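To keep things clear, I will list the structure first and then write my remarks on it.
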Amino acid sequence: MIQAQSLTKRHGGKTAVDAIDFTVQPGKVTGLLGPNGAGKSTIMRMIVGLDRPTAGSVKVNGKHYSEHRAPLCEVGVLLDARAVHTGRSARNHLLALAATHGIPAARVDEVIELTGIGAVARTRVGGFSLGMGQRLGIAAALLGDPAVLILDEPVNGLDPEGVQWVRQLMRYLAAEGRTVLLSSHMMSEMALTADHLIMLGRGKVIVNAPVSEIIGMAGTHRVRVRTPQSAQLAALLAQPDVTVTTGEPDLLEVAGISAGDIGEQAAAAGIVLHELTGVSASLEEAYLALTQDEVEYRASGSAQLQEA
Amino acid sequence: MTETTATKTPAPAASSSPAADGTVPGAASAVHGLSAAGLLRSEWIKLRSVRSTAWSYALLVLVSLALAAVMSSTLDLQGADASMIPAADQATFIAQTATFGVFFGQLIVAVLGALTISGEYSTGMIRSTLTAVPRRLPALAAKAAVLFVTTFVVGLAANLGSYLVASLVLSRQGLGVSFADPAVFLPVLGGALYLALIAVFALGIGTIVRSGAGGIAVVLGIVLLLPMVFQVIAAPWAAAVLPYLVSNAGINMFGLMSFSPVPIEWWVNLLVVLGWLAVSLVGAAVVLKRRDA
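Top line first, the protein sequences correspond to chains A and B. Going by this note's numbering, the first residue of the first sequence is number 1, and it counts up by one from there. Going by this note's numbering, the first residue of the second sequence is number 1, and it counts up by one from there.
Given below as structure tokens:
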């Protein structure tokens, strides 16, 4: 369990994390989501004491990280930036970390095997690909068999097989009762991996809710209607709280009215329908709707982010 | 989160039912947590598993042996009978030959000491180190202790080897002093001690500066350039400061060369070196504890 209380970090005059409160529960995968500069990495670094909070506090399993007798056995962390000496072999890197806590070499070989870096474990890390480096980082995080795992962009640089592996591993670890906190900028990844989301924007929590609830929050459930008489149907449905948009000639996207009502009105007017489908918003749309005002570094031509 | 089980993280592909007994995995009970012995072992693994360490120490030994060989073989007694040279002078010459490598050795171990920590900053390794040891200062202490002991041992080996080389070469000219003579073994030990202290001094500077190039520049500036600068300044105060520069005090400590018109006791020199070391390490501790990593 991770608990943050009015956690704040300011770099000079800029506030990276602005008095946020949150709790990360065990047994679930919790996603930390937000645009660049939202404070995700800073929060993770404060949890493990690499950055000192300007105000407030964050505790892991009831204590500050540094107060634990065996920190690596409480929290395993993978940071987004590399944290390995490039001149050392992967195995020696892990052995050096393990030695601090008296973790046996057998466990080092276990995590090497688990993360699939056995073939390169005795070569220098400097020559590792991004994906191998990421696997080594995950191996280091698992070293102490910790009850809490914190991973910043864990699938970054992994091949599709690796992405799949990390996803399964996260789900498995959470199912074992561990606390899993991960950040990602890939919404699709979060939708597949996370149970719960903490969305950040400009250092503040925008939403802290289960994934299913967040998709619901995006509000507008739309209905896709395919009909050869699209102009006729559009005129029929025209009401103040109903919006109808057309894409292809015989396709309508209707919001503000249920699929059932559309079907009944069309039947009453004798309009033939070829398709009548309810479309719920994706996590991606929900995210964009919720963070639209919070995007700090918005590209000037980001029109593709708007709903079609 | 307090109850622990010995379960290790299994492969994700395994579909066994998780935590059936309701206990939370993690914090394996076999692990005892952070300990001084563990930190020392960790730093020892780190020191010996990068190439710069082996290179630096090998260079230290080779340079010492080579200098001893060159110095002893070029000694010209100008026809004098070696048996006429007082034993004390023979001892001094052999001691100087055996420790001459320390002049160069101090630069090598200074670079190594700075790299030991700045290498962690430049690669990001420091984040792993400080995550494993979040109180931070024990990690610095362990690093300093391992660097000190290793450098002392290698420095001693280099000086001993140099003594053997010098004795061997000089015995052909009839010169010879037992290693048991304090005039020989004290400088040999003192030279190794100075090398170990300079390495740790550089570690402290490297921690403060954080960058490899910057750390090396600052350390070499203090060890190498500062004495030259003060030597060039003609003012009496510059001459008065000269014996208290870290490298001058260190070299004077084991009797290789004096920088003061009046003799300075070896322990005064040692205190001067320790003073420099204290400033460097206290500065390092303060910034390491304060700064975000």
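Backbone N, C-alpha and C fix where the C-beta goes; we use that ideal spot for every residue, glycine too. Remember, predicted model here, so these are calculated numbers, not experimental data.
Within the same chain, Gly-27, Lys-28, Val-29 and Val-180 come within 7 Å of Ala-174 of chain A by CB-CB distance, once the 5 residues on both sides are set aside.
Neighbours of Ala-293 of chain B in chain A, taken as residues whose beta carbon is under 9 Å from its own, are Arg-45, Gly-49, Leu-50 and Asp-51 in chain order. Closest in C-alpha terms to Arg-167 of chain A, from the list A:Ser-57, A:Ala-38, A:Asp-195 and A:Ser-280, comes A:Asp-195. With respect to chain A, the C-beta atom of Ala-68 of chain B has no partner C-beta closer than 9 Å. The DSSP-derived three-state label of Pro-187 of chain B is helix. The C-beta distance from Thr-42 of chain A to Ala-16 of chain A rounds to 5 Å, short enough to fall under 8 Å. DSSP places Thr-23 of chain A in the strand class (E or B) of the three-state scheme. Shown here for Trp-44 of chain B: same chain residues with a beta carbon closer than 7 Å to its own, the five before and five after excluded, namely Val-146 in chain order. Distance from the CA of Tyr-65 of chain A to the CA of Gly-204 of chain B, rounded to the nearest whole angstrom, comes to 26 Å.
The residue among B:Ala-278, B:Gly-255 and B:Thr-131 with its C-alpha nearest the C-alpha of Trp-267 of chain B is B:Gly-255.
The Cβ atoms of Phe-230 of chain B and Val-219 of chain B lie no closer than 9 Å to each other.
Membership of Asp-89 of chain B in any beta strand (DSSP E) is not indicated; the residue belongs instead to the alpha helix (DSSP H) covering 87-99. Val-273 of chain B and Leu-245 of chain B have their C-alpha atoms spaced approximately 8 Å apart. By the Cβ test, the region 64-76 of chain B is in contact with the region 145-161 of chain B, since at least three Cβ pairs between them sit closer than 8 Å. Ranked by Cα distance from Leu-143 of chain A, the options A:Glu-74, A:Arg-82, A:Met-190 and A:Arg-122 are led by A:Glu-74. Within the DSSP bridge table, the entry for Lys-59 of chain A names A:Gln-3 as partners.
CA-to-CA, the gap between Ile-103 of chain A and Arg-48 of chain B works out to about 19 Å. Nearest in C-alpha terms to Ser-6 of chain A, of all of A:Arg-45, A:Pro-53, A:Val-48 and A:Gln-25, is A:Pro-53. Contact of Pro-154 of chain A with chain B is not assigned, every C-beta pair being separated by 9 Å or more.
Per the DSSP secondary-structure output, Thr-74 of chain B pairs with nothing in a beta bridge. Taking 9 Å as the Cβ-Cβ cut-off, the region 29-59 of chain B approaches chain A at Ala-30, Val-31, His-32, Gly-33, Leu-34, Ser-35, Ala-37, Gly-38, Leu-39, Leu-40, Arg-41, Ser-42, Glu-43, Trp-44, Ile-45, Lys-46, Arg-48, Ser-49, Val-50, Arg-51 and Ser-52, given in chain order. Take the alpha-carbon of Gln-232 of chain A and the one of Pro-240 of chain A: they are about 17 Å apart. For Ala-55 of chain A and Val-287 of chain B, the gap between their C-alpha atoms comes out near 20 Å. Between Thr-151 of chain B and Leu-115 of chain B, the C-beta gap is not smaller than 9 Å, which leaves the two residues out of contact. Linking Ala-144 of chain B to Ser-118 of chain B through their CA atoms gives a straight-line distance of about 13 Å.
Closer than 9 Å to the CB of Ala-70 of chain A there is at least one CB belonging to chain B. Below the 8 Å Cβ cutoff, chain B contributes Thr-131 as neighbours of Val-77 of chain A, in chain order.
Here Ser-56 of chain B is near Leu-112 of chain B, since their CB atoms are less than 9 Å apart.
For Glu-120 of chain B, the residues of chain A that pass the 9 Å Cβ criterion are His-85, in the order they occur in the chain. Apart from sequence neighbours up to five positions away, the residues of its chain that approach Asp-250 of chain A with a beta-carbon distance below 7 Å are Arg-226, Thr-227, Pro-228 and Ser-230, ordered along the chain.
Following the DSSP letters along the chain, one finds Asn-208 of chain A inside the beta strand (DSSP E) bounded by residues 204-210. For Ala-255 of chain A, the uninterrupted beta strand (DSSP E) run begins and ends at 251-255, by DSSP. Rounded to the nearest whole angstrom, the CA to CA distance from Ala-70 of chain A to Gly-33 of chain B is 4 Å.
For Thr-123 of chain B, the nearest CB of chain A lies under 9 Å from its own CB, placing it at the interface with that chain. The beta carbon of Ile-85 of chain B does not come within 9 Å of any beta carbon belonging to chain A, so the residue lies off that interface. For Asn-92 of chain A, the chain B residues whose Cβ falls inside 7 Å of its Cβ are Ile-45 and Ser-49, in order along the chain.
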